[in-house]
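Chemist: So the sequence lines, in the order shown, correspond to chains H and Z.
Heads up: the first sequence begins at 20 in my numbering, then just goes up one per residue.
Heads up: the second sequence begins at -14 in my numbering, then just goes up one per residue.
Note that CB positions come from ideal geometry on N, CA and C, so glycine has one too.
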Amino acid sequence: MMAVTKSTDSSLATSVGLTDEDLVAMYRLVALARALDERMWVLNRAGRIPFVISGQGHEGAQVGITWPLTKGHDWIAPFYRSIATCLTFGMSPRDILTAQYATANDPSSGGRQMPGHYGSHEHNLVSVSSPVATQLLHAVGIALAAKIRKTGQVAMTTMGEGSSNQGDVHEGLNFAAIHKLPFIFVVENNGYAISVPLARQVAGSSVADRAAGYGMPGIVVDGNDVLACYVASRDAIDRARAGEGPTLIEAKVHRLTAHSSDDQQTKYRSEEELADERARDCVPGFRMQLREAGVLTDGVEEKLTAEIKSIVDEATDYAEAQADPDPSTATRYVYVEDVD
Amino acid sequence: MATKTFIESIRETLADEMRRDDSVIVLGEDVGKKGGVFLATDGLWAEFGDDRVIDTPLTESMIVGASIGAAVNGLRPVAEIQFADFIFPAFNQLVSEAARMRYRSNNGYGVPMVVRAPYGGGVHGALYHSQSVEAFFTHVPGLKVVIPSTPYDARGLLRSSIRNDDPVLFFEHKKMYRSVRGDVPDTDYTIPLGKAAVTHPGTQISVFAYGLMAHYALEAADRVAEDGISVEVVDLRTLRPLDNETVLESVRKTGKCLIVYEDNRFGGYGAEVAALVAEEAFDYLDGPVTRIAGPDVPGVPYNHALEDWFMVSPEKIEAAIRKLAAY
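(1) Mind checking the region 177 to 204 of chain Z against chain H and listing, in chain order, the residues whose C-beta falls within less than 9 Å of any C-beta there?
(2) Comparing the C-beta of asparagine 229 of chain Z with each C-beta of chain H, is any distance below 8 Å?
(3) Taking 8 Å as the CB-CB limit, is glutamate 86 of chain Z close to chain H?
(4) Using a Cβ-Cβ cutoff of less than 7 Å, which residues in the same chain neighbour valine 9 of chain Z once the five nearest sequence positions on both sides are dropped?
(5) Relative to chain H, which residues along the region 0 to 22 of chain Z have a C-beta separation below 7 Å, given in chain order?
(6) Tyrosine 99 of chain H by DSSP, collapsed to three states: which one?
(7) Can you round the beta-carbon distance between aspartate 40 of chain Z and glycine 17 of chain Z to whole angstroms, since I take them to be within the 8 Å contact cut?
(8) Taking CB distances under 8 Å as the criterion, tell me whether glutamate 190 of chain H reaches chain Z.
(9) State the Cα-Cα distance for the pair serine 73 of chain H and phenylalanine 98 of chain H, rounded to the nearest angstrom.
(10) Is the beta carbon of alanine 202 of chain Z sitting closer than 8 Å to the one on valine 209 of chain Z?
(11) Note down the Cα distance separating glutamate 217 of chain Z from valine 38 of chain Z, rounded to an integer number of angstroms.
(12) Alpha carbon to alpha carbon, what distance is there between leucine 143 of chain Z and threonine -2 of chain Z?
(13) Please list the residues of the region 34 to 61 of chain H that have a C-beta atom closer than 7 Å to any C-beta atom in chain Z, keeping them in chain order.
(14) Residues bridged to alanine 25 of chain Z by DSSP?
(15) Out of H:His140, H:Gly242, H:Arg113, which one is the CA nearest neighbour of glutamine 341 of chain H?
(16) Using 8 Å for Cβ pairs, my map puts isoleucine 95 of chain H next to leucine 144 of chain H. What's the rounded Cβ distance?
(17) Pair every Cβ in the region 134 to 141 of chain Z with every Cβ in the region 168 to 182 of chain Z, then say whether three or more of these pairs are closer than 8 Å.
(18) Strictly under 8 Å for the Cβ-Cβ distance: is glycine 107 of chain Z near chain H by that measure?
(19) I need the DSSP call for threonine 85 of chain H, collapsed to helix, strand or coil.
(20) Would the region 267 to 287 of chain Z and the region 231 to 247 of chain Z be scored as touching if the rule is three or more Cβ pairs under 8 Å?
(21) Does the CB of arginine 100 of chain H have a neighbour CB from chain Z at under 8 Å?
(22) Applying a beta-carbon distance threshold of less than 9 Å, which residues of chain Z neighbour histidine 142 of chain H?
(23) Taking 8 Å as the cut-off, decide whether the C-beta atoms of serine 29 of chain H and alanine 312 of chain H are in contact.
(24) By a C-beta neighbour count over all protein chains shown, 10 Å radius and 16 as the cutoff for buried, is alanine 75 of chain Z buried or exposed?
(25) Would alanine 294 of chain H pass as an interface residue toward chain Z - the criterion being a Cβ-Cβ separation below 8 Å?
(26) Look up threonine 239 of chain Z in the DSSP assignment and say whether it is helix, strand or coil.
(27) Say whether the region 167 to 184 of chain H touches the region 126 to 137 of chain H, bearing in mind that this needs 3 or more beta-carbon pairs closer than 8 Å, one atom from each stretch.
(28) Starting from threonine 266 of chain H and walking both ways along the beta strand (DSSP E), at which residues does that stretch end?
(29) Report the start-end ranges of each alpha helix (DSSP H) in the region 174 to 223 of chain H that is 4 residues or longer and not cut off at the edges.
(30) Beta-carbon within less than 6 Å of tyrosine 313 of chain Z's beta-carbon, same chain only, minus the 5 sequence neighbours each way: which residues are those?
(31) Going by the beta-carbon positions, is the gap between tyrosine 88 of chain Z and tyrosine 137 of chain H smaller than 8 Å?
(32) Go through the region 165 to 237 of chain Z residue by residue and report every complete run of the alpha helix (DSSP H) that reaches 4 residues or more, in order.
(33) Among residues of its own chain, excluding the 5 on either side of glycine 141 of chain Z, which ones have a beta-carbon nearer than 6 Å to its beta-carbon?
(34) Measuring CA to CA, which of Z:Ala0, Z:Leu128, Z:Leu270 is closest to asparagine 77 of chain Z?
(35) Starting from valine 49 of chain Z, follow the alpha helix (DSSP H) in both directions and report where the run begins and ends.
(36) Under 6 Å Cβ to Cβ from methionine 20 of chain H, same chain only, skipping five residues before and after it: list those, please.
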């Protein structure tokens, strides 16, 4: 999104080349993603939906990193915590909640996949699967096609640091760097692969350190700092579009919920650690930053809060009312269907 | 009409398709300057350049995974796995990703991709250069599996596979690359996927085979013909989707069914053909549904005596036909 700053914009906005309007829109997405995510847990605990996999704690990084991509042109191969990523890239709250209910008109999969497995051809979001890190190779292939077809597109993939240990990551980063593909690898490092902490996953000091071995820059960014994430992503996109090759961005985020609705994280995480992470939550953090900069006024915030509540309520009612898929359709789209 | 070897037919079809459609690219190990270890892609790099003929690192999962992505973003990749034996690092990408992309996205995404791989034994390739891997993939809805046996079929089926909008595994028996020749017209013909061919009409026994075994079955049919045994040989050509109708029509006519495959017997592709015949043509059977296949050892052993012991041969097929004919 091209931002044209005005003289009336805050110094916070102009310092990163954005407008106050951009910052409010970004905050809206962060807060909306959180509100949708919280609604999912309520629906799960109320027995309305069987499963939740959450992105709470990742929203700031996801919005900041996705914001500078060009919607409908660039590509993202996301993962199962990518609610804010998908919202920022064009999916709607209805799209997110129909996926929770697995309705017939759920645009991600028509009710075929578990919640969290988002995807949208309309929005260049590659369909998510459950085996982790496989999507990195798809994004690399998308970037390869972009380079060969000279489309000017950038392909990004996102995943957790747990997934970053898979062999597909090694194979894909190596290839992307050899061919200087317009590709960005985003690691949303929340410190846990379900229950296994970072120290048992990564021997070096960071995932980003590995980038040097592939011949690409590796950037570590505070995932609670939305604008720092924005800048890191914007710079990586510039590099990619200029033909300078891929970038690895490691955003240090927090996992504020259990891995999923079937996990009890207090079994392996201390109350102190959880409290500490909640105190650094990106949603109130970004809010305070924008309030202190004078971007988020009482009036704007009041309006946003009401709007988000109404959007989430409306999307919930909508999703709740949608039909289940008809079993007679379950054999469709195994293969391409002939168009007569 | 020109006579070509099996591999010439494949190579020329790749070149033709790349000339016809800019979105077709080739990628794999040694496919560039070297032209592939069997020379299936020889000359493509010189004609089409680095962008469309890509030498990859030794990364089978990447070859397939990046092909999926490239297919999603408008290309028609033809990936080469150097030997079918080395396809297993890409199993997850093929089975979890390529096969399911269309289904799991409710037709949002398709994967128009071909994965070519030489397979098969009888070439002193031992455990890791001889395997028949088709059964792993024919099991998977969402994948199509093609195994041609003639230069003519290779051309027509490879064209259809490349123009098809679903992932296709295209297995080529490496022993046939230079030993099998045949007429190949210069026309832009295609052979539809999912159609078997009756390559030797007969009345008393149906023999179903594919790849190298389709040739051995014809040899065996000729040998027993001298003794008045009339064999119908059906070359399956496409293993998934299987041409059920041609299989059943043949068995309903002959009443006897022999399935030949080179892979390990247990759980091999022939078991599915046997089940189809048993379920759908039981009333027509006049003998046990029979398989002749590779023995159940974990690979083709290297020493020539051991390899000969492993491989299904025209003689072994002949013996099986005679036994079933006498039933």
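Modeler: So, from the data block:
(1) none
(2) If you number the second sequence from 1, residue 229 of chain Z lands on position 244. False, the Cβ-Cβ gap to chain H never drops below 8 Å.
(3) Taking the first residue of the second sequence as 1, we reach residue 86 of chain Z at position 101. One detail in the question is off: residue 86 of chain Z reads as methionine in this sequence, not glutamate. Output row for methionine 86 of chain Z: interface = yes.
(4) As a working note, residue 9 of chain Z is residue 24 in the second sequence. Excluding positions up to five away in sequence, the list reads Glu2, Met3, Arg61, Val63, Ile147.
(5) Ile10
(6) Translated into the one-based positions of the first sequence, residue 99 of chain H becomes position 80. DSSP places tyrosine 99 of chain H in coil when its eight states are reduced to three.
(7) On the second sequence, position 55 is the one that residue 40 of chain Z refers to. On the second sequence, position 32 is the one that residue 17 of chain Z refers to. Sure, about 4 Å apart at Cβ, within 8 Å.
(8) Translated into positions along the first sequence, residue 190 of chain H becomes position 171. Yes - at least one Cβ of chain Z is within 8 Å of the one on glutamate 190 of chain H.
(9) Translated into the one-based positions of the first sequence, residue 73 of chain H becomes position 54. Translated into the one-based positions of the first sequence, residue 98 of chain H becomes position 79. Rounded to whole angstroms, serine 73 of chain H to phenylalanine 98 of chain H spans 11 Å at the Cα level.
(10) On the second sequence, residue 202 of chain Z is found 217 positions in, with the first residue counted as 1. On the second sequence, residue 209 of chain Z is found 224 positions in, with the first residue counted as 1. Contact flag unset, no.
(11) Within the second sequence, residue 217 of chain Z is the residue found at index 232, counting from 1. Within the second sequence, residue 38 of chain Z is the residue found at index 53, counting from 1. Answer to the nearest angstrom: the Cα atoms are 42 Å apart.
(12) Residue -2 of chain Z sits at position 13 when you count from the first residue of the second sequence. Residue 143 of chain Z sits at position 158 when you count from the first residue of the second sequence. If you take the alpha carbons of threonine -2 of chain Z and leucine 143 of chain Z, they lie about 7 Å apart.
(13) none
(14) Counting from 1 along the second sequence, the entry for residue 25 of chain Z is found at position 40. Looking at the DSSP assignment, alanine 25 of chain Z forms no beta bridge with any residue, so it has no partner.
(15) On the first sequence, position 322 is the one that residue 341 of chain H refers to. Comparing Cα positions, the closest option is H:Arg113.
(16) Here the question's residue 95 of chain H lines up with position 76 in the first sequence. Here the question's residue 144 of chain H lines up with position 125 in the first sequence. Their Cβ separation, rounded to whole angstroms, is 6 Å, which keeps isoleucine 95 of chain H and leucine 144 of chain H in contact under 8 Å.
(17) yes
(18) Taking the second sequence and counting its residues from 1, the one referred to as residue 107 of chain Z is at position 122. So, not an interface residue.
(19) In the first sequence, the residue the question calls residue 85 of chain H occupies position 66. Residue state, collapsed to three classes: helix.
(20) yes
(21) Within the first sequence, the letter at position 81 stands for residue 100 of chain H. Not an interface residue.
(22) Position 123 of the first sequence holds residue 142 of chain H. Going along chain Z, no residue has its Cβ under 9 Å from histidine 142 of chain H, so there is no contact; the nearest lies around 10 Å.
(23) To locate residue 29 of chain H, count along the first sequence from 1; it is residue 10. To locate residue 312 of chain H, count along the first sequence from 1; it is residue 293. Contact flag set, yes.
(24) Position 90 of the second sequence, counted from the start, is the residue given in the question as residue 75 of chain Z. When all chains shown are included, alanine 75 of chain Z counts as buried.
(25) Here residue 294 of chain H is taken as the residue at index 275 of the first sequence, counted from 1. Taking Cβ atoms only, chain Z never reaches closer than 8 Å to alanine 294 of chain H, which makes this a no.
(26) Here residue 239 of chain Z is taken as the residue at index 254 of the second sequence, counted from 1. The answer is helix: DSSP assigns threonine 239 of chain Z an H, G or I state.
(27) no
(28) For the purposes of this step, residue 266 of chain H is identified with residue 247 of the first sequence, where counting begins at 1. Looking at the DSSP string, the run of the beta strand (DSSP E) that includes threonine 266 of chain H is 266 to 271.
(29) 186 to 197
(30) There is simply no residue 313 of chain Z to check, as chain Z begins at -14 and stops at 312 in what is shown.
(31) As a first step, residue 88 of chain Z is located in the second sequence; it is residue number 103 there, counting from the start. As a first step, residue 137 of chain H is located in the first sequence; it is residue number 118 there, counting from the start. For tyrosine 88 of chain Z and tyrosine 137 of chain H, no; Cβs fall outside 8 Å.
(32) 197 to 210
(33) As a first step, residue 141 of chain Z must be located in the second sequence, where it is residue number 156. Same-chain partners within the cutoff: Tyr174, Thr175, Ile176.
(34) The residue you call residue 77 of chain Z lines up with position 92 of the second sequence. Closest option to asparagine 77 of chain Z, Cα to Cα, is Z:Leu128.
(35) Looking up residue 49 of chain Z in the second sequence gives position 64. Unbroken alpha helix (DSSP H) run through valine 49 of chain Z: 45 to 57.
(36) Within the first sequence, numbered from 1, the residue matching residue 20 of chain H stands at position 1. Low confidence applies to methionine 20 of chain H: its pLDDT is 49, below 50, so where it sits in the model is not reliable, and the reading given next is rough at best. None.
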